[in-house]
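Please read the structure below before turning to the comments.
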Amino acid sequence: MPVKFIHFSDSHLGASDSLTDDYSVKEEREQDKYKALTTIVDHILEAKPDFVIHTGDFFHRSSPGNAPLVNAIRQIGRLSDAGIPFYMIAGNHDYPKVASTVPIHRIFEHLDNVNIYFNEAYNTIDLDSCTLHVVPHINTGDRLNEEIGKIKITDTSKPNILMMHLSMPIRQEEEIELGGGTFPADKLAILKQFDYVALGHWHRFNHMKEYGNVYYSGSPDKMDLGEIDHAKGYLAVEINGKGLNVEFRELPTREMIKVTVRDCDKKNEGVILNEIAEALKNFKVKDSIIYIDLYDLSKMSYYDTRRDEIEKITEGCLDLRITKKLRGGEDTADSQGTRTQESLFEDLRKAFTDDKDYIRFQELTEKLLAEIENERAQNVD
410 MPVKFIHFSD SHLGASDSLT DDYSVKEERE QDKYKALTTI VDHILEAKPD FVIHTGDFFH
470 RSSPGNAPLV NAIRQIGRLS DAGIPFYMIA GNHDYPKVAS TVPIHRIFEH LDNVNIYFNE
530 AYNTIDLDSC TLHVVPHINT GDRLNEEIGK IKITDTSKPN ILMMHLSMPI RQEEEIELGG
590 GTFPADKLAI LKQFDYVALG HWHRFNHMKE YGNVYYSGSP DKMDLGEIDH AKGYLAVEIN
650 GKGLNVEFRE LPTREMIKVT VRDCDKKNEG VILNEIAEAL KNFKVKDSII YIDLYDLSKM
710 SYYDTRRDEI EKITEGCLDL RITKKLRGGE DTADSQGTRT QESLFEDLRK AFTDDKDYIR
770 FQELTEKLLA EIENERAQNV D
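Heads up: the sequence shown begins at 410 in my numbering, then just goes up one per residue.
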């Protein structure tokens, strides 16, 4: 009998936009995450799969505000009411770093057909149609390796599906996602024993064919400039007598546009503005987020291209971010003089020659960011 299910991940409810101080922009970007979840649930109710799996980071932080909680209960409640089983594991963003903190996932315990795993341990769930193996986020690397070492298939008479929230030990430089842990390289062979491996943490859809039926569904919405070229969506999966069928179903997302103008010290304002206008001709500017990089400026021409003139060209966009860089300059600054997070993380990744050191750096930085997010949430809520 075929098994049909939906796999999605990294909803990051409550995330807004870390690169702007404009409250209205933050609010719109937060709403984008709720709209994406609602759309996925709409599709699920129409498709009527056997069950749904979510591989972590349902919330953006471990102490979400009122809006993400209300939206989460409303949408997961729709699945519960429809009798569609929902299985979710904790991610590094929504699982607390302090043992005494009650995991927010307990808020779903009153809902029928909703099953959340956040006990930092390997678990198996024996269903009529398949066996689910789950490894939620685990805060320490040693404990993660210990639990992954327990993964074992005991019944091959029905499909086996593995759910995890972590990084794979290759191509990490391509996926800047702090924290989450890393699957041990010496245990990769076991992944090929599974009919399907559902991964969360990386935000780009990715079939890691070298390890078998291993899939990152990616996030349903773009988080920042680093995901400007990502297609976003969820996976519709079927396991039957003929094998595995995985369909990536793309969701509409807010347009993100990046325009780069080089050799600005050799061009006057009119030429630069014309290049920007030409670059935007093939995009929908209204309600979009636009990044404009003006490179190779001289000290004399740094202020020649005025923001108000660029705003005329980009009228109707949700947010406009202008980055200026002097010719030969080391640092890129935005219009407020602050450096973008993406450029900082890219430089930091290059500074590490040892992957173990970088993974340790990821773990420590994630803890610090979580503390900052929690303090910010307390100040806002």
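Beta carbons are placed, not taken as given, at the ideal position from N, Cα and C, and that holds for glycine.
Residues near residue i in its chain [Cβ-Cβ closer than 7 Å; skip 5 each side]
{"i": "Val694", "result": "Thr723, Gly725 and Cys726"}
{"i": "Val434", "result": "Asp426, Leu727 and Asp728"}
{"i": "Thr447", "result": "Gln484"}
{"i": "Pro505", "result": "Ser471 and Pro512"}
Residue i - partner residues in DSSP beta bridges
{"i": "Ala607", "result": "Met572 and Tyr624"}
{"i": "Asn532", "result": "Val543"}
{"i": "His469", "result": "Bridge partners of His469: none, in fact."}
{"i": "His416", "result": "Ile462 and Leu644"}
{"i": "His616", "result": "Tyr624"}
{"i": "Val523", "result": "Phe495"}
{"i": "Val479", "result": "DSSP, once it has assigned bridges, lists no residue as partnering Val479."}
{"i": "Asp702", "result": "Thr669 and Thr732"}
{"i": "Asn654", "result": "Glu647"}
{"i": "Thr591", "result": "Ser576"}
{"i": "Leu422", "result": "Phe468"}
{"i": "Glu659", "result": "Gly642"}
Span separating the alpha-carbon of residue i from that of residue j
{"i": "Leu553", "j": "Gly679", "result": "57 Å"}
{"i": "Ile525", "j": "Met709", "result": "59 Å"}
{"i": "Pro458", "j": "Gly492", "result": "10 Å"}
{"i": "Asp705", "j": "Asp630", "result": "33 Å"}
{"i": "His452", "j": "Leu703", "result": "41 Å"}
{"i": "Val646", "j": "Phe460", "result": "10 Å"}
{"i": "Pro512", "j": "Ile482", "result": "15 Å"}
{"i": "Glu636", "j": "Val655", "result": "22 Å"}
{"i": "Thr714", "j": "Arg438", "result": "28 Å"}
{"i": "Thr464", "j": "Ala607", "result": "7 Å"}
{"i": "Thr591", "j": "Ile681", "result": "45 Å"}
{"i": "Gly486", "j": "Lys667", "result": "38 Å"}
{"i": "Ile599", "j": "Met617", "result": "14 Å"}
{"i": "Tyr432", "j": "Asn532", "result": "41 Å"}
{"i": "Asp717", "j": "Asp419", "result": "37 Å"}
{"i": "His416", "j": "Ile560", "result": "20 Å"}
{"i": "Leu735", "j": "Lys721", "result": "24 Å"}
{"i": "Asn522", "j": "His514", "result": "14 Å"}
{"i": "Glu436", "j": "Glu455", "result": "29 Å"}
{"i": "Arg363", "j": "Lys442", "result": "The question about residue 363 has no answer here: the residues shown for the chain are numbered 410 through 790."}
{"i": "Ile719", "j": "Lys675", "result": "18 Å"}
{"i": "Ile699", "j": "Ile579", "result": "32 Å"}
{"i": "Thr563", "j": "Asn475", "result": "42 Å"}
{"i": "Arg663", "j": "Arg730", "result": "15 Å"}
{"i": "Met497", "j": "Tyr712", "result": "51 Å"}
{"i": "Gly558", "j": "Gly627", "result": "25 Å"}
{"i": "Asp633", "j": "Asp430", "result": "14 Å"}
{"i": "Pro593", "j": "Pro477", "result": "33 Å"}
{"i": "Gly589", "j": "Asp551", "result": "13 Å"}
{"i": "Val507", "j": "Asn528", "result": "13 Å"}
{"i": "Glu556", "j": "Leu571", "result": "13 Å"}
Buried/exposed call for residue i, threshold 16 Cβ in 10 Å
{"i": "Asp672", "result": "exposed"}
{"i": "Arg470", "result": "buried"}
{"i": "Thr565", "result": "exposed"}
{"i": "Asp604", "result": "buried"}
{"i": "Gly746", "result": "At Gly746, the pLDDT of 38 sits below 50, so the modelled position is not reliable and the matter cannot be decided from this model."}
{"i": "Leu541", "result": "buried"}
{"i": "Lys641", "result": "buried"}
{"i": "His519", "result": "exposed"}
{"i": "His421", "result": "buried"}
{"i": "Met410", "result": "exposed"}
{"i": "Gly738", "result": "exposed"}
{"i": "Pro545", "result": "buried"}
{"i": "Asn677", "result": "exposed"}
{"i": "Leu644", "result": "buried"}
{"i": "Leu777", "result": "exposed"}
{"i": "Ala424", "result": "buried"}
{"i": "Leu773", "result": "exposed"}
{"i": "Pro661", "result": "exposed"}
{"i": "Val450", "result": "buried"}
6 Å Cβ shell around residue i - same chain, five flanking residues per side excluded
{"i": "Asn375", "result": "With the chain covering 410 to 790 only, the question about residue 375 has no answer from this structure."}
{"i": "Thr669", "result": "Asp702"}
{"i": "Val623", "result": "Leu600, Val606 and Met617"}
{"i": "Lys413", "result": "Pro458, Asp459 and Glu647"}
{"i": "Ser707", "result": "Asp674"}
Cut-off 8 Å between Cβ atoms - residues of its own chain near residue i, not counting five sequence neighbours on either side
{"i": "Pro358", "result": "A question about residue 358 goes unanswered here, because the residues of the chain that appear run from 410 up to 790."}
{"i": "Phe692", "result": "Glu664 and Ile666"}
Min CB distance residue i to chain D below 9 Å
{"i": "Glu718", "result": "The structure shown has no chain D; it contains just one protein chain."}
Discussion item. Does the structure place the region 673 to 692 close enough to the region 648 to 661 that three or more beta carbon pairs sit under 8 Å?
Written reply: The region 648 to 661 makes no contact with the region 673 to 692: fewer than 3 CB pairs, one atom from each, lie closer than 8 Å.
Practice prompt. Determine contact between the region 567 to 577 and the region 492 to 505, defined as no fewer than three beta-carbon pairs at a distance below 8 Å.
Written response: Cβ pair count under 8 Å is three or more, so yes.
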